[in-house]
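Peer 1: Structure in structure tokens, see below.
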Amino acid sequence: MKLATHRSGRALAIAALAATTGLVIAGCSSADPGSSSSDESFTIGIVEQQLANPFFANLQQSAVATAEEAGLDVMTAESQSAGDSATQVAAIENMIAQGVKGIVLDPANASALVDIVQRARDAGILVVTVNTSLEPADAADASFETDNLAGGALMGEWAKASLGDAEPQVAMLDYDLSDKTAGARHDGFLEGFGLTDDSPEIVGTALTESNVETGQTAMENLLSAHPDINAIYTINEPAAQGAYIAISNAGKEDQVLVTSIDGSCAGVRSVQDGEIGATVMQFPSRMGELAVEAIIDFVETGEKPSGVIDSGTTLITDDPVEGVESEDSAWGLENCWGE
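The numbering of the sequence shown is the working numbering, which starts it at 9 and goes up by one.
Right, dumping it as structure tokens:
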């Protein structure tokens, strides 16, 4: 298990004073929620998925920065592989033992962490999830995440308006639709476009692994079977970038509208370069900030957040359409995440 502790400047100064004067410092863990003043420091835990993923890294960096700016100490841990709930369970067990006041959790498995989260809550620790909810969602106190249904709807609205009077010939480049995020994005796109899964305007669908290689292969196969495709939905920006390679190789750059979602800096550059027509930006840094602020409010006031809180989405395109709010790629590059 990879576990790190970040100590705020204020906490380090107090610790140094204690070492030189013999001062005994009582930890905040003995206080009731709502009794802590803004001058007291306490510890929170942040449990992320693999930080090699820039989305997760950006989320954790924001959460740590927000905590440290407030003078808090931070314990961090990350899963070691996709779906690695065991590492996250062990990290939360350690955080419970260390007396953290709150935990920010990006669950590697939505159901496998329910029991350990309940143990933390039984110990008086506020647990908020980020990026994705537990199953059931109310197994945690609250969740700060992207409304992927709304994000998908933005893609669909833009694609429909951009086609104008052209007859829609739509292809769907999906990921496993049993995945909560993939299903919500798919359904949102159809809703925004005004379609259903059995609409005749949907001329083809294909599963990808959310990467460039499978996006390209899927698009090659779809174009071979349906050469008149004029709009595509993609599960994420790597799949969209792969699809564009296939579109470009077929000489159909001016025929096919590419839509996507994520808002990485690489994805926004693809919008700027004309490869992706529009992408929907998520805000992982906002998730981290809101989650830590919720823990601080809980410790200071005793008030708990609840439910699923949308961290926001923004459509990024250099080809805006009337009736669909958007920002251009220059704005996107100022607000994107990753490299």
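Note that beta-carbon positions come from the ideal geometry of N, C-alpha and C, so glycine has one too.
Does DSSP put Gly296 in a helix, in a strand, or in coil?
Peer 2: To locate residue 296, count along the sequence shown from 1; it is residue 288. The answer is helix: DSSP assigns Gly296 an H, G or I state.
Peer 1: Can you give me the C-alpha to C-alpha distance between Ala192 and Ala158, rounded to a whole angstrom?
Peer 2: The residue you call residue 192 lines up with position 184 of the sequence shown. The residue you call residue 158 lines up with position 150 of the sequence shown. Answer to the nearest angstrom: the Cα atoms are 8 Å apart.
Peer 1: In the DSSP output, what is Val136 paired with across the bridge?
Peer 2: On the sequence shown, residue 136 is found 128 positions in, with the first residue counted as 1. Answer by DSSP bridge pairing, in chain order: Val112 and Ala150.
Peer 1: Thinking just about the alpha-carbon of each residue, which of Leu265, Leu215 and Ser319 is nearest to the one in Thr154?
Peer 2: Start at 1 with the first residue of the sequence shown, and residue 154 comes out as number 146. Cα-wise, what sits closest to Thr154 is Ser319.
Peer 1: Below 7 Å CB to CB, which residues in the same chain sit around Ser218 once its five sequence neighbours on both sides are set aside?
Peer 2: Residue numbering aside, residue 218 sits at position 210 when the sequence shown is read from its first letter. Within the same chain, Ser218 has close Cβ partners Tyr183, Ile243, Asn244, Pro246 and Ala247.
Peer 1: Quick one: what does DSSP say Leu59 is sitting in, helix, strand or coil?
Peer 2: For the purposes of this step, residue 59 is taken as the residue at position 51 of the sequence shown. It is coil, neither helix nor strand.
Peer 1: Go ahead and label Asn257 buried or exposed: buried means 16 or more other beta carbons lie within 10 angstroms of its beta carbon, across all protein chains shown.
Peer 2: Against the sequence shown, residue 257 aligns to sequence position 249. Counting Cβ neighbours within 10 Å, Asn257 comes out exposed, since fewer than 16 surround it.
Peer 1: DSSP three-state label for Cys344, please.
Peer 2: Locating residue 344 in the sequence shown gives position 336, where the first residue counts as 1. Reduced to three states, the DSSP call for Cys344 is coil.
Peer 1: Can you tell me which of the three DSSP states Gly212 falls into?
Peer 2: Counting from 1 along the sequence shown, the entry for residue 212 is found at position 204. In the structure shown, Gly212 sits in a strand (DSSP, three-state: E or B).
Peer 1: Quick check: the Cα distance between Ala179 and Ile237, rounded to an integer number of angstroms?
Peer 2: Residue 179 sits at position 171 when you count from the first residue of the sequence shown. Residue 237 sits at position 229 when you count from the first residue of the sequence shown. Whole-angstrom Cα-Cα distance: 7 Å.
Peer 1: If you draw a straight line from the C-alpha of Asn117 to the C-alpha of Val264, how long is it?
Peer 2: Here residue 117 refers to the residue found at position 109 of the sequence shown. Here residue 264 refers to the residue found at position 256 of the sequence shown. Approximately 36 Å between the Cα atoms of the pair.
Peer 1: Relative to the C-alpha of Ala5, which residue among Val279, Glu221 and Arg277 is closest?
Peer 2: Since the displayed the chain opens at 9 and closes at 347, residue 5 lies outside it and no answer follows.
Peer 1: When you compare the CB positions of Phe306 and Gly110, do they come within less than 8 Å of one another, or not?
Peer 2: What you label residue 306 is simply residue 298 of the sequence shown in a count that begins at 1. What you label residue 110 is simply residue 102 of the sequence shown in a count that begins at 1. In contact: Phe306 and Gly110 (Cβ atoms closer than 8 Å).
Peer 1: Closer than 8 Å is the cut-off here; do at least three beta carbon pairs connect the region 96-104 with the region 72-79?
Peer 2: No, the region 96-104 is not in contact with the region 72-79.
Peer 1: Straight-line CA distance for Gln68 to Glu86?
Peer 2: For the purposes of this step, residue 68 is taken as residue 60 along the sequence shown, with counting starting at 1. For the purposes of this step, residue 86 is taken as residue 78 along the sequence shown, with counting starting at 1. The alpha-carbon atoms of Gln68 and Glu86 are separated by roughly 10 Å.
Peer 1: On the CB-based measure, 16 or more other CB atoms within 10 Å of its CB, does Gly172 come out buried or exposed?
Peer 2: Along the sequence shown, read from residue 1 onward, the residue named residue 172 stands at position 164. Looking at its Cβ environment, which holds fewer than 16 other Cβ atoms inside 10 Å, Gly172 is exposed.
Peer 1: Are Ala150 and Ser314 closer than 8 Å when you measure CB to CB?
Peer 2: Position 142 of the sequence shown, counted from the first residue, corresponds to residue 150. Position 306 of the sequence shown, counted from the first residue, corresponds to residue 314. Yes, Cβ-Cβ distance for Ala150 and Ser314 is below 8 Å.
Peer 1: Whose C-beta lies closer than 6 Å to the C-beta of His234 among residues of the same chain, with five residues either side of it excluded?
Peer 2: For this step, residue 234 is matched to residue 226 along the sequence shown. Once the five neighbours on either side are set aside, the close Cβ partners of His234 are Val211 and Gly212.
Peer 1: Which residues does DSSP list as the beta-bridge partners of Glu335?
Peer 2: Within the sequence shown, numbered from 1, the residue matching residue 335 stands at position 327. Looking at the DSSP assignment, Glu335 forms a beta bridge with Ile324.
Peer 1: Do you know whose CA, among Leu215, Leu198 and Thr216, lies nearest Glu209's CA?
Peer 2: Residue 209 sits at position 201 when you count from the first residue of the sequence shown. Out of Leu215, Leu198 and Thr216, Leu198 has the C-alpha closest to the C-alpha of Glu209.
Peer 1: Which of helix, strand or coil does DSSP assign to Ile243?
Peer 2: Locating residue 243 in the sequence shown gives position 235, where the first residue counts as 1. Note: Ile243 maps to coil in three-state DSSP.
Peer 1: Would the region 120-138 count as touching the region 265-272 if we require 3 or more Cβ pairs under 8 Å?
Peer 2: no
Peer 1: In this structure, does DSSP put His234 in helix, strand or coil?
Peer 2: As a working note, residue 234 is residue 226 in the sequence shown. It is coil, neither helix nor strand.
Peer 1: Would Leu181 and Thr216 be called neighbours here (beta carbons separated by less than 8 Å)?
Peer 2: As a first step, residue 181 must be located in the sequence shown, where it is residue number 173. As a first step, residue 216 must be located in the sequence shown, where it is residue number 208. Taking 8 Å as the Cβ cut-off, Leu181 and Thr216 qualify as a contacting pair.
Peer 1: Just how far apart, CA to CA, sit Ala94 and Gly331?
Peer 2: To locate residue 94, count along the sequence shown from 1; it is residue 86. To locate residue 331, count along the sequence shown from 1; it is residue 323. Going from the Cα of Ala94 to the Cα of Gly331 covers about 46 Å.
Peer 1: Could you tell me the distance, in whole angstroms, from the CA atom of Ala71 to the CA atom of Ala299?
Peer 2: Within the sequence shown, residue 71 is the residue found at index 63, counting from 1. Within the sequence shown, residue 299 is the residue found at index 291, counting from 1. Taking the straight line from one Cα to the other gives about 7 Å.
Peer 1: Report the option in Lys312, Arg294, Ile269 and Ala145 whose CA atom is closest to the CA atom of His194.
Peer 2: Against the sequence shown, residue 194 aligns to sequence position 186. Closest by alpha carbon: Ile269.
Peer 1: Please list the terminal residues of the continuous alpha helix (DSSP H) segment that includes Ile100.
Peer 2: Your numbering for residue 100 matches position 92 in the sequence shown. Here the alpha helix (DSSP H) through Ile100 covers Ser93 to Gln106.
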